[in-house]
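Participant:
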Amino acid sequence: GTFSVVPELYFQLYTIHVEYLHHILPTVYVLLPGKKQCLYREMLRQIKNLLPNFDPPNVMIDFERASMTAISKSFPVSNLSGCFFHLCQNVYRSVTRLGLKTLYSENENFAQQIRSLPALGFLPAADVIPTFDEIKDQFPVEGEPVLKYFEENYIGVKSRL
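Numbering (our numbering), first residue to last: 16 to 176.
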């Protein structure tokens, strides 16, 4: 979603791109009033009404829970993957929001530990949780709020109980 260019009545401009002949082309633009799963579901329902055969084999999206859930429910056979840039951006925003920006900027070891979190996305799925647990055991105390944020939003606490 894009937020800075939308008229006041809306919250975001959601765009859908497709790959065609090795090019990525924007094909659908939707103004949405919020970021709720029901809005994404309705948007996807309308798209499917217009394009009944639209069933993408692969979908890459931002790491945003409501849209990911809506897409996985609307296209259950699609291979869903998150955008690495967006993941890194979210982790860095958590560093900033939690008051750790100066430490991140000045302490290379701390910054490297933080950057190890989004790097988990490059591992096979079966290796993510064990590797996260290894990272967690070596993580600096100052970074525990970021670790908690990452676990709650990307690893999943419930699935680990």
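Every residue gets a Cβ at the ideal spot worked out from N, C-alpha and C, and that includes glycine.
Ignore the nearest five residues each way along the sequence and tell me which others in L132's own chain have a CB closer than 6 Å to its CB.
Facilitator: Counting only Cβ-Cβ distances below 6 Å, and skipping sequence neighbours, we find V106, F165.
Participant: Could you tell me which uninterrupted beta strand (DSSP E) segments, each at least 3 residues in length, are contained entirely in the stretch 83-113, listed from first to last along the chain?
Facilitator: DSSP runs (the beta strand (DSSP E)) wholly in the stretch 83-113: 94-97.
Participant: How about the stretch 76-88 and the stretch 44-62: do they share at least three Cβ pairs that are nearer than 8 Å?
Facilitator: The stretch 76-88 is in contact with the stretch 44-62.
Participant: Leaving out five residues on either side along the sequence, give the residues of the same chain with a beta carbon under 7 Å from the beta carbon of H32.
Facilitator: Around H32: I39, L40, P41, T42.
Participant: May I have the straight-line CA-CA distance separating L11 from K50, to the nearest angstrom?
Facilitator: Residue 11 lies beyond the residue range present for the chain, which begins at 16 and ends at 176; the question has no answer from this structure.
Participant: I'd like to know whether the C-beta atoms of F137 and G158 end up nearer to each other than 8 Å.
Facilitator: No. Outside cutoff.
Participant: I'd like to know whether the C-beta atoms of S87 and N73 end up nearer to each other than 8 Å.
Facilitator: It is not a contact, given that the beta carbons lie outside the stated cut-off.
Participant: What does the alpha-carbon distance come out to for the pair Y169 and E23?
Facilitator: Going from the Cα of Y169 to the Cα of E23 covers about 31 Å.
Participant: So H101 and D77 are supposed to be a Cβ contact under 8 Å. How far apart are they, rounded?
Facilitator: Rounded, the Cβ-Cβ distance is 4 Å, consistent with contact.
Participant: Considering just the uninterrupted stretch of the alpha helix (DSSP H) at T124, what are its terminal residues?
Facilitator: The sequence shown places Asn at residue 124, not Thr. Segment 123-134, the alpha helix (DSSP H) holding N124.
Participant: Within a Cβ cutoff of 6 Å, which residues of the same chain sit near P160, ignoring the five residues on either side of it in sequence?
Facilitator: Answer for P160: L113, listed in chain order.
Participant: Roughly how many angstroms separate the alpha carbons of L59 and P67, rounded to a whole number?
Facilitator: C-alpha separation (whole angstroms): 11 Å.
Participant: Return helix, strand or coil for N68, following the three-state DSSP convention.
Facilitator: Note: N68 maps to coil in three-state DSSP.
Participant: Within 10 angstroms of the Cβ of Y119, are there 16 or more other Cβ atoms? Answer buried if so, exposed if not.
Facilitator: Classification of Y119: buried, given that the 10 Å Cβ count is 16 or more.
Participant: Just mark V156 as buried or exposed, buried being the case when its beta carbon has 16 or more other beta carbons within 10 Å.
Facilitator: Under this definition V156 is an exposed residue.
Participant: Can you give me the C-alpha to C-alpha distance between L36 and E123, rounded to a whole angstrom?
Facilitator: If I take the Cα positions, the gap works out to 42 Å.
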